[in-house]
């Protein structure tokens, strides 16, 4: 497609369940980013990939969060043993490279943990 | 560490009037500055960016922003607001050599008919 796509758009999980969120970046984009947006806040950085290499994961809030991009295209953000504080919108963005290039965002996945 | 401040939670303006959404930043190094807009239940949509050069940057939908290094500001402006401009606006900053975007908390723009 022409833009970044994410699935599912909405996810409801019971506390303790594992979830997997998918991101399809713009074709040809080298860099891929995950952000977490809590209600009423701006997005906060989670992790960054350049091709298949995860170059920065400093924003991941705990070891329950794990991201991968095994073939340098599609990425999955996995959250294990979800907690209520994980409820947020998870945004994926991609860019051509890590220079001054603009990051283009997908529509996000709204995760609600009950 | 880098940070962005958007001092106004909400800006109200009448249609046809000029609008300004304020943004100030703090970085160690040369900044790249961005404005994004977010409509309900949608992702962030890129409006414009400052990298280098001319301090006045023009972007999508008639928006522009002025980089002011001495005041560390990057205010978003539009000469004539439209009702359809009503949305949530985010300012963001990156430092050269780093990939991470740091966002402000956002400013809700409400344009009344």
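Chains as they are written, first to last, in my numbering: chain S, 36 to 149; chain A, 17 to 129.
Positions of the beta carbon are idealized from the N, C-alpha and C atoms, including for glycine.
- Item | Beta-carbon gap between residue 102 (chain A) and residue 127 (chain A) smaller than 9 Å | What you label residue 102 (chain A) is simply residue 86 of the second chain in a count that begins at 1. What you label residue 127 (chain A) is simply residue 111 of the second chain in a count that begins at 1. Pairing residue 102 (chain A) with residue 127 (chain A) gives a Cβ-Cβ distance under 9 Å.
- Task: Within the same chain, show all residues whose beta-carbon is closer than 7 Å to that of residue 99 (chain S), passing over the 5 residues directly before and after it, in chain order.
- Result: Translated into the one-based positions of the first chain, residue 99 (chain S) becomes position 64. Excluding residues within five positions, the ones whose Cβ falls inside 7 Å are 114, 115, 116.
- Within 10 angstroms of its Cβ, does residue 35 (chain A) collect 16 or more other Cβ (buried), or is it exposed? Stepping through the second chain from its first residue, residue 35 (chain A) is reached at position 19. That one is buried.
- Residues, ordered as in the chain, of the region 51-62 of chain A that lie near chain S by beta-carbon distance below 8 Å: So the close ones are 52, 57, 58, 59, 60, 61, 62.
- Confirm, please, whether the CB-CB distance from residue 54 (chain A) to residue 110 (chain A) is below 9 Å. For the purposes of this step, residue 110 (chain A) is identified with residue 94 of the second chain, where counting begins at 1. For the purposes of this step, residue 54 (chain A) is identified with residue 38 of the second chain, where counting begins at 1. With respect to residue 54 (chain A), residue 110 (chain A) sits apart: the two C-beta atoms are not nearer than 9 Å.
- Message: Counting C-beta neighbours from all protein chains within 10 Å, is the total for residue 148 (chain S) 16 or more, i.e. buried, or is it exposed?
- Response: Here residue 148 (chain S) refers to the residue found at position 113 of the first chain. Looking at its Cβ environment, which holds 16 or more other Cβ atoms inside 10 Å, residue 148 (chain S) is buried.
- Task: Confirm, please, whether the CB-CB distance from residue 87 (chain S) to residue 63 (chain S) is below 9 Å.
- Result: On the first chain, position 28 is the one that residue 63 (chain S) refers to. On the first chain, position 52 is the one that residue 87 (chain S) refers to. Cβ atoms of residue 63 (chain S) and residue 87 (chain S): not closer than 9 Å.
- Task: Alpha carbon to alpha carbon, how far is residue 141 (chain S) from residue 127 (chain S)? Give it in angstroms, no decimals.
- Result: Numbered from its first residue, the first chain carries residue 127 (chain S) at position 92. Numbered from its first residue, the first chain carries residue 141 (chain S) at position 106. Straight-line Cα distance between these residues: approximately 6 Å.
- Message: With the cut-off set at 9 Å, would you say residue 144 (chain S) and residue 49 (chain S) are in Cβ contact?
- Response: If you number the first chain from 1, residue 144 (chain S) lands on position 109. If you number the first chain from 1, residue 49 (chain S) lands on position 14. Between residue 144 (chain S) and residue 49 (chain S), the C-beta gap is not smaller than 9 Å, which leaves the two residues out of contact.
- Does the Cβ of residue 49 (chain A) have 16 or more other Cβ atoms within 10 Å, making it buried, or fewer, making it exposed? Residue numbering aside, residue 49 (chain A) sits at position 33 when the second chain is read from its first letter. It counts as buried.
- Using a Cβ-Cβ distance under 9 Å, would residue 137 (chain S) count as near chain A? Reading the first chain from its first residue, position 102 is the one you call residue 137 (chain S). Look at residue 137 (chain S): its C-beta is under 9 Å from a C-beta on chain A.
- Where does residue 132 (chain S) fall in DSSP's three states? The sequence position of residue 132 (chain S) within the first chain is 97, counting from 1. It is coil, neither helix nor strand.
- Can you give me, in chain order, the residues of the region 61-89 of chain A that have a beta carbon less than 9 Å from any beta carbon in chain S? Hits within the stretch, in order: 61, 62, 65, 67, 68.
- Message: Going by DSSP in three states, residue 55 (chain A) sits in which element: helix, strand or coil?
- Response: Start at 1 with the first residue of the second chain, and residue 55 (chain A) comes out as number 39. If DSSP states are grouped into helix, strand and coil, residue 55 (chain A) belongs with coil.
- Task: Closer than 8 Å by beta-carbon distance: list the chain A residues that pair up with residue 126 (chain S), in chain order.
- Result: In the first chain, the residue the question calls residue 126 (chain S) occupies position 91. Contacts between residue 126 (chain S) and chain A, judged by CB atoms closer than 8 Å, involve 59, 60 in chain order.
- Quick one, which residues of the region 103-120 of chain A are near chain S if we go by CB-CB under 7 Å, in chain order? Within the region 103-120 of chain A, the residues whose Cβ lies closer than 7 Å to some Cβ of chain S are 106, 115, 116, 117, 119, 120, listed in chain order.
- Message: Please list the terminal residues of the continuous beta strand (DSSP E) segment that includes residue 71 (chain S).
- Response: Here residue 71 (chain S) refers to the residue found at position 36 of the first chain. Residue 71 (chain S): member of the beta strand (DSSP E) spanning 66-72, first to last residue.
- Item | C-alpha gap between residue 101 (chain S) and residue 121 (chain S), whole angstroms | Numbered from 1 along the first chain, position 66 holds the residue referred to as residue 101 (chain S). Numbered from 1 along the first chain, position 86 holds the residue referred to as residue 121 (chain S). About 13 Å.
- Message: Does any residue of chain S have a CB that is nearer than 9 Å to the CB of residue 122 (chain A)?
- Response: In the second chain, counting from the first residue as 1, residue 122 (chain A) sits at position 106. It does: the Cβ of residue 122 (chain A) has a partner Cβ on chain S nearer than 9 Å.
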